[in-house]
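**Q**
There are 2 protein chains.
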Amino acid sequence: MQDERRLAVLRAIVEDYVATQEPVGSKALVERHGLGVSPATVRNDMAALEEEGLITQPHTSAGRVPTDKGYRLFVDRLTTIKPMSAAEKRAIATILDGAVDVDDVVRRSVRLLAQLTHQVALVQYPTLNRSTVRHVDLVGLTETRVLVVAILSSGRVEQRLVELDRPLDDDAVADIRGRVAGVITGRIIAEATAALGDLAAPPGDDAGPQSLVVDALVDAMSDHRSSERVAVGGTANLARFGDSFEVSVRPLLEALEEHVVLLKLLGEAQTGGAVTVRIGHEGPYTEFATTSVVATGYGPGQEAVGNLGVVGPTRMDYPGTMASVRAVARYVSRILDEA
Amino acid sequence: MQDERRLAVLRAIVEDYVATQEPVGSKALVERHGLGVSPATVRNDMAALEEEGLITQPHTSAGRVPTDKGYRLFVDRLTTIKPMSAAEKRAIATILDGAVDVDDVVRRSVRLLAQLTHQVALVQYPTLNRSTVRHVDLVGLTETRVLVVAILSSGRVEQRLVELDRPLDDDAVADIRGRVAGVITGRIIAEATAALGDLAAPPGDDAGPQSLVVDALVDAMSDHRSSERVAVGGTANLARFGDSFEVSVRPLLEALEEHVVLLKLLGEAQTGGAVTVRIGHEGPYTEFATTSVVATGYGPGQEAVGNLGVVGPTRMDYPGTMASVRAVARYVSRILDEA
DNA sequence: TCTTGGCACTCCCGGGCGGTGAGTGCCAGC
DNA sequence: GCTGGCACTCACCGCCCGGGAGTGCCAAGA
Chain S
1 MQDERRLAVL RAIVEDYVAT QEPVGSKALV ERHGLGVSPA TVRNDMAALE
51 EEGLITQPHT SAGRVPTDKG YRLFVDRLTT IKPMSAAEKR AIATILDGAV
101 DVDDVVRRSV RLLAQLTHQV ALVQYPTLNR STVRHVDLVG LTETRVLVVA
151 ILSSGRVEQR LVELDRPLDD DAVADIRGRV AGVITGRIIA EATAALGDLA
201 APPGDDAGPQ SLVVDALVDA MSDHRSSERV AVGGTANLAR FGDSFEVSVR
251 PLLEALEEHV VLLKLLGEAQ TGGAVTVRIG HEGPYTEFAT TSVVATGYGP
301 GQEAVGNLGV VGPTRMDYPG TMASVRAVAR YVSRILDEA
Chain R
1001 MQDERRLAVL RAIVEDYVAT QEPVGSKALV ERHGLGVSPA TVRNDMAALE
1051 EEGLITQPHT SAGRVPTDKG YRLFVDRLTT IKPMSAAEKR AIATILDGAV
1101 DVDDVVRRSV RLLAQLTHQV ALVQYPTLNR STVRHVDLVG LTETRVLVVA
1151 ILSSGRVEQR LVELDRPLDD DAVADIRGRV AGVITGRIIA EATAALGDLA
1201 APPGDDAGPQ SLVVDALVDA MSDHRSSERV AVGGTANLAR FGDSFEVSVR
1251 PLLEALEEHV VLLKLLGEAQ TGGAVTVRIG HEGPYTEFAT TSVVATGYGP
1301 GQEAVGNLGV VGPTRMDYPG TMASVRAVAR YVSRILDEA
């Protein structure tokens, strides 16, 4: 019974602190929330919660602030993701439906997520892993330059310019095109890449040019470039960090330009539709010690082709943020499914 | 004679203030620079400079700080762009040469420029205006969906998915492809768009699908999307603003996500290779009242296909920044020329 | 006419100081 | 196990004050 009330106190502390950004005291707590007990009782509970490491006080005789552990318990056990309102859902659908291509979906998502959550939004560009090759084309630009274009089912178009070591006439280009297209069209990337291996060193005169073209295609489909990209938006929301710019915001801004780090952060998100939350010091990223990351995967069906989420101060509105992240991920998935 | 010394004093004030970020007094001035006169003399000159509106003091009995007008005079008459060292040039060339496509050039340029100048870098994506159409392709995905792909001489690939109102077999797709390609291949965008107009409402059964395809092509080449995009980097360098985050950096971060505004800022850059500097309140952008923009155009030959530059506090190292901006623009131009 | 040393004045900045108030811990009583 | 009471602890804020950098002005010298 007391245990239950203590959790209620923790929840109240988290909610108040998130709302006011100030340490919350026992008196204010009983006034603002309908706990039917006296401040003294709450103080006892707070002492117990502090004993457990769930809350802490910045200095003696100040109110209490949740610790990372406290937020963790709050997120895991004290809250449920609140569903978005119909109006919010409509707004999301309207904005994302206007996208003209995959890149545009990503850009719009980032913007939308930043606006919804008032935090820094991250959206990973979709990986090509599950895509199939829709179309391959070779375009002879000059006698020794060929543009290789691969169109993938995700809607992405990858291109490479190939410099040949000797002139090639149109028929020869068409020949290579036909051979390559026959082997990989309709296949998923992994299969296509494997199949190209057999073409890399073919018999006959065209070995050189064809190898070069094949290499370019393998490179274009190798997934690295596109999956290593993350769109970032809403950096102005870093102002929510009340702290000084130099100590808290600058390193964050720097980290946000390091897309490799962001990918790792987003990569922690579990597949399968659940929203993952990383709080404060959890994980090895010192730059993000005072921040939480709320992320999830997106993609058609159950399979994630990318992750998206937000970065914000540990003192954030977790239920609302998680709801927004989940909602945007769902709509992005749906749109990618349609395209 | 005195006039000359006064300008020397102004130059010294600008240089010292840029270096120290603190109001500079008469005594420190004669010590750090080799002006062969006494502090009292300098004080008289300072009073004259203040009279002309070139410098100002934050409060009585403080040192002097250059005004926007002072910086303007400094940039226009007191400084020359200092050439980059050979090592710096090599570094620029090395970094940019590794780019795999146009988008990669832009991304690398932004990063490079931010590192060189320690400021916020902006690089506009190349406009398509001067590009020619290298290749057009139509790919039938299903019976009622066609992917339209246009490959431009700039290396950019534009694509649109077209939903048809009725099924179309492969022959019909090939037919439209042939007709469209015949009309626009090799032409510059403007001509191609005009030529497409004649195809929009052709005679015969295929009027519907062909119109849709033509519309998509016109849209893809309409230049709006790509030229409305700006890559931004080095936002962490906003820390150089010593002021409080909320009043000075937050509005800037917000403005930096408004790419329309950035395009206008960059658009002020003159064509023809000169580096343009906008200082402080010059221009209608209240968000950028405390910043200067150093920008220039880039592109193969004399024609600018895009602009790039940096945004920083008015108190910036103009000679160095202008040198970096010019150098990066030149190398980007060269690379685009080669591609 | 310009430069220079001297001098009084201004005002920002940082440190020290006491009052105020929110919040706590503890204890005795119910 | 809850509650009211009470003494205690600090952060915060406004205040004062001295130090110091820098200025403006003036009279004398080149």
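Here the protein sequences come in this chain order: S and R. Position one of the first sequence corresponds to residue 1 (the working numbering), numbered consecutively onward. Position one of the second sequence corresponds to residue 1001 (the working numbering), numbered consecutively onward. Backbone N, C-alpha and C define an ideal beta-carbon position, used for all residues, glycine too.
1. What are the boundary residues of the beta strand (DSSP E) that R:H1259 is part of?
2. Using the beta-carbon count (16 or more within 10 Å), is R:G1208 buried or exposed?
3. Helix, strand or coil: which one does DSSP assign to S:D165?
4. Is there a Cβ of chain R sitting closer than 8 Å to that of S:G98, yes or no?
5. Could you work out which residue in S:R326, S:I335 and S:L336 is closest to S:P83 when comparing CA atoms only?
6. Taking 8 Å as the threshold (C-beta atoms), are S:Y285 and S:V75 in contact?
7. Grab me the residues of R:A1192's own chain with a C-beta within less than 7 Å of its C-beta, minus the 5 sequence neighbours each way, in chain order.
8. With DSSP collapsed to three states, give me the class of R:D1175.
9. Can you give me the C-alpha to C-alpha distance between S:R173 and S:G267, rounded to a whole angstrom?
10. Would you mind reading off the limits of the alpha helix (DSSP H) that contains R:I1095?
11. Does S:N129 come out as helix, strand or coil in the three-state DSSP assignment?
12. Output needed for S:P269: all residues of its chain with C-beta closer than 7 Å, excluding positions within five of it in sequence on either side, in chain order.
13. With S:A236 as the anchor, note down where its alpha helix (DSSP H) starts and where it stops.
14. For S:L262 and S:P300, which I take to be in contact (beta-carbon distance under 8 Å), what is that distance rounded to the nearest angstrom?
15. Please say whether R:L1112 and R:L993 have beta carbons closer to each other than 8 Å?
16. With a threshold of 8 Å, are at least 3 pairs of Cβ atoms found where one atom belongs to the segment 59 to 66 of chain S and the other to the segment 1 to 20 of chain S?
17. What separation, rounded to the nearest whole angstrom, lies between the Cα atoms of S:L152 and R:V1146?
18. Where does S:A289 sit, in a helix, a strand or coil, going by DSSP?
19. Sorted by chain position, which residues of the same chain lie with C-beta nearer than 7 Å to R:G1176's C-beta, five sequence neighbours on each side aside?
20. Identify every residue that forms a DSSP beta bridge with S:A295.
21. Going by the DSSP bridge assignment, what does S:R64 pair with across the sheet?
22. Under 8 Å between the Cβ atoms of R:V1120 and R:T1235?
23. Going by C-alpha distance, which of S:I92, S:L256 and S:V157 is nearest S:V293?
24. If we define contact as Cβ-Cβ less than 8 Å, is R:L1253 a contact residue for chain S?
25. Kindly list, in the order they appear in chain S, the residues whose Cβ is closer than 7 Å to that of R:V1157.
26. Would you identify the three-state DSSP class for S:I81, choosing helix, strand or coil?
27. Counting only Cβ-Cβ distances shorter than 8 Å, please list the residues of the segment 122 to 141 of chain S near chain R, keeping chain order.
28. Under 7 Å between beta-carbons, which chain S residues line up against R:D1101? List them in chain order, please.
29. State yes or no: is the beta carbon of R:G1025 nearer than 8 Å to at least one beta carbon in chain S?
30. Between R:T1235 and chain S, is any beta-carbon pair separated by less than 8 Å?
31. To which residues of the same chain is S:N237 closer than 7 Å at the C-beta, ignoring the five residues directly before and after it?
32. Could you give the distance in angstroms between the alpha-carbon of R:A1323 and the alpha-carbon of R:R1072?
33. Taking only beta carbons into account, state which residues of the segment 257 to 269 of chain S come closer than 7 Å to chain R, listed in chain order.
34. Nearest CA to the CA of R:D1169: which residue from R:T1142, R:V1148 and R:T1079?
35. Would the C-beta of R:A1327 count as close to the ligand GTP, meaning under 7 Å from any of its heavy atoms?
36. I'd like the list of long-range same chain contacts for R:A1062, defined as Cβ closer than 6 Å, with 5 residues on each side in sequence excluded.
**A** Reading off the structure:
1. Run containing R:H1259: none in the beta strand (DSSP E); it sits in the alpha helix (DSSP H), H1259 to G1267.
2. exposed
3. coil
4. no
5. S:R326
6. no
7. V1133, I1184 and M1221
8. helix
9. The displayed chain sequence assigns Val, not Arg, to residue 173 of chain S. Rounded to the nearest angstrom, the two C-alpha atoms are 41 Å apart.
10. A1086 to D1097
11. coil
12. A small fix is needed here, since residue 269 of chain S is Ala in this sequence, not Pro. So the list reads T276, A295, T296, G297, N307 and G309, once near-sequence residues are dropped.
13. No alpha helix (DSSP H) holds S:A236; DSSP gives it neither H nor E.
14. The pair is not a contact, with the Cβ atoms about 23 Å apart (cut-off 8 Å).
15. Absent from the structure is residue 993 of chain R, since the part of chain R shown begins at 1001 and ends at 1339.
16. yes
17. 13 Å
18. coil
19. With the sequence shown as reference, residue 1176 of chain R is identified as Ile, and Gly is not the correct amino acid for it. Closer than 7 Å at Cβ, skipping near neighbours: L1138, D1206, P1209, Q1210 and V1213.
20. S:T276 and S:G309
21. S:V24
22. yes
23. S:L256
24. yes
25. V149, V157 and Q159
26. coil
27. R134, H135, D137, V139 and L141
28. Q159
29. no
30. yes
31. A114, H118, Q119 and V120
32. 17 Å
33. E257
34. R:T1142
35. This structure lacks the ligand GTP, and indeed carries no ligand of any kind.
36. P1023
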